[in-house]
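Colleague: Numbering-wise (numbering that gives the first Met the number 0), the sequence shown opens with residue 0 and increments by one.
Even glycine gets a Cβ: it sits at the ideal position worked out from N, Cα and C.
Dumping the structure here so I can ask a few things about it.
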Amino acid sequence: MRGEVWVYRFFDVAQEIHLDEVEGLFVHREAPVRRMRLLKVRPRSLEIKNLPVTVDLGEVEIPLRSRMLRGRIRARLYDFGVLSLVARITLPEDWDVEDVKRLAVELNEDEEDDPFERIFTNVRDDIVRSLAGALEGEGSPEYVHEFTLYVLPEWPKERDAAELLLGEAERLSEAMRREVLRHRVSYTDDAVIVTSVAAWTNDPEEAPDVGALLEFAHAQFLELRYYDDLLDSELTKLYEILENQRSWGFFSLRRHEEVMRYIMELLVETAEFTSRVRNAVKVTQDVYYLRLYQVALELLRVEEWSASIREKMEILERNYELLSDSYMTNRFMLIDTLILLLIFLEIVLGFFFLR
């Protein structure tokens, strides 16, 4: 069967990646490097504020249970801190539908000795070391996301791709099958079926653009998930600080200022980076690719993650306002107390000199 399987891994490697510096560093390594470009999408149909940097890392061999497969590995770096790696595996010509389904099942299994895990982790570590000067802030290695794109122009029309997309060896129920296949986007004879973990297309010419848009959506998802968890952690720290500070009287004004500054810096940083993530790409005029991108965002629940981040930022803002009110109250109390002390001191000194 003619076709390819594109296996993706997404990593959070930095708070921000300076893409101009990335290009220069990879040029010195003599690796083919370029800004991401779409082949079929008209330029006016797509707005990308800072095109990711794409690097061709050459051929790779993947030792699977069934046989050794070959492909090419490629890296893509996004300015909001995500590294995407994809291994584009060329399927053996003697494979049939059942062979491809067995590969999908193997990709879906959570094995300790996962060859893709070893390959992608080694490549990630090498890139992070090489690009240390272009990476700002620490990454979070525990944030890893997976996705697979099946590019199968010879997939039989009488066979749907439901089991393939879910990596299931058993036949699915009709209800589950309908649920998987309902996220289908088609233009003419070509079609794309999307789930949250995989996608299928029968058009190899459209595949690079389809893959690029889906890849963008998954990179955005990973980073929004990171910031949602970050705010959870920071809110927990804030509650501990507020609980441990039993008294917020006027003797704790400096502590007030420190906590307020901490909240404000967190709000500004989160607002800046999440805005960059959400607005990184906009599909404006092309209905087909707009629908495809929207389906991916919907399946990944990107809007729900964004809403969760906004809700936590509102909680931080309310805490800031409460602390600000408390700070001003205590500051006025301190000023009033100092005034009373000065008056008292003036009376005492006056009484002393009169004597």
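State yes or no: is the C-beta of residue 86 within less than 7 Å of the C-beta of residue 216?
Modeller: No; because the gap between Cβ atoms is not below 7 Å, this pair is not in contact.
Colleague: Which of the three DSSP states, helix, strand or coil, is assigned to residue 91?
Modeller: Here residue 91 sits in coil by DSSP.
Colleague: With 16 other CB atoms within 10 Å as the buried threshold, where does residue 155 fall?
Modeller: Classification of residue 155: exposed, given that the 10 Å Cβ count is below 16.
Colleague: So for residue 11, helix, strand or coil by DSSP?
Modeller: Residue 11 falls in the strand class under three-state DSSP.
Colleague: In terms of residues, what are the limits of the alpha helix (DSSP H) holding residue 115?
Modeller: From DSSP, the alpha helix (DSSP H) with residue 115 extends over 114–129.
Colleague: With three or more C-beta pairs closer than 8 Å as the rule, is the region 95–112 touching the region 161–178?
Modeller: The region 161–178 vs the region 95–112: in contact.
Colleague: What do you reckon, are the CB atoms on residue 150 and residue 206 nearer than 7 Å?
Modeller: For residue 150 and residue 206, yes; Cβs fall inside 7 Å.
Colleague: Cβ-heavy atom distance between residue 10 and the ligand NAP below 6 Å?
Modeller: Of the ligands one can find in the structure shown there are none, so the ligand NAP has no counterpart to examine.
Colleague: Taking the C-alpha atoms as reference points, what is the distance between residue 249 and residue 341?
Modeller: Low per-residue confidence applies at residue 249: pLDDT is 49, beneath 50, and the placement is therefore not dependable enough to give any value.
Colleague: Counting only runs that start and end within the region 161–244, where is the beta strand (DSSP E) found for 3 or more residues in a row?
Modeller: 183–185, 190–193 and 197–200, all fully within the region 161–244.
Colleague: Hey, could you find the ends of the alpha helix (DSSP H) residue 105 is sitting in?
Modeller: It spans 96–107 - the alpha helix (DSSP H) in which residue 105 sits, taken as one unbroken run.
Colleague: With the cut-off set at 7 Å, would you say residue 138 and residue 13 are in Cβ contact?
Modeller: Yes, Cβ-Cβ distance for residue 138 and residue 13 is below 7 Å.
Colleague: What is the rounded straight-line gap between the Cα of residue 274 and the Cα of residue 64?
Modeller: The straight-line gap from Cα to Cα measures roughly 43 Å.
Colleague: Decide yes or no for the touch test of the region 112–122 against the region 47–54: beta carbon pairs closer than 8 Å, at least 3 of them.
Modeller: Contact between the region 112–122 and the region 47–54 is absent, because fewer than three Cβ pairs lie under 8 Å.
Colleague: Would you kindly report the start and end of the unbroken alpha helix (DSSP H) that includes residue 291?
Modeller: That run of the alpha helix (DSSP H) goes 286–298.
Colleague: So who's on the other strand from residue 144, going by DSSP bridges?
Modeller: Paired residue(s): 9.
Colleague: Just reading off the beta strand (DSSP E) that residue 75 is part of, what are its end residues?
Modeller: Segment 67–76, the beta strand (DSSP E) holding residue 75.
Colleague: Do you know how far the Cα of residue 223 is from the Cα of residue 305?
Modeller: Their Cα atoms are separated by approximately 7 Å.
Colleague: For the region 141–149 and the region 192–202, state whether three or more C-beta atom pairs, one from each stretch, are separated by less than 8 Å.
Modeller: Segments in contact, yes.
Colleague: Just how far apart, CA to CA, sit residue 24 and residue 8?
Modeller: Between residue 24 and residue 8, the C-alpha separation is close to 22 Å.
Colleague: Would you decide whether residue 160 is buried or exposed? Buried here means 16 or more other CB atoms lie within 10 Å of its CB.
Modeller: Buried is the call here.
Colleague: Is residue 283 helix, strand or coil by DSSP?
Modeller: Correct three-state label for residue 283: coil.
Colleague: Does DSSP put residue 19 in a helix, in a strand, or in coil?
Modeller: Three-state DSSP puts residue 19 in a helix.
Colleague: Drop a sphere of 10 angstroms on the beta-carbon of residue 351, count the other beta-carbons inside from all chains shown, and report buried for 16 or more, exposed for fewer.
Modeller: Exposed: under 16 other Cβ atoms inside 10 Å.
Colleague: So what's residue 249 in DSSP terms, helix, strand or just coil?
Modeller: In this prediction, residue 249 has a pLDDT of 49, which is less than 50 and means its spatial position is unreliable; what the coordinates show is noted afterwards. Of the three classes helix, strand and coil, the one that applies to residue 249 here is helix, per DSSP.
Colleague: Just to confirm, is the Cβ distance from residue 279 to residue 81 under 7 Å?
Modeller: Result no, Cβ atoms of residue 279 and residue 81 do not sit closer than 7 Å.
Colleague: What does the Cβ neighbour count give for residue 95, buried or exposed, with the cut at 16 atoms within 10 Å?
Modeller: Exposed, since its Cβ has fewer than 16 Cβ neighbours within 10 Å.
Colleague: Are the region 308–319 and the region 261–268 touching by the rule of at least three beta carbon pairs closer than 8 Å?
Modeller: Output reads yes: the region 261–268 touches the region 308–319.
Colleague: With distances taken between CB atoms, is the gap from residue 365 to residue 58 smaller than 7 Å?
Modeller: In the structure as shown, the chain starts at 0 and stops at 354, and residue 365 therefore has no counterpart that could be examined.
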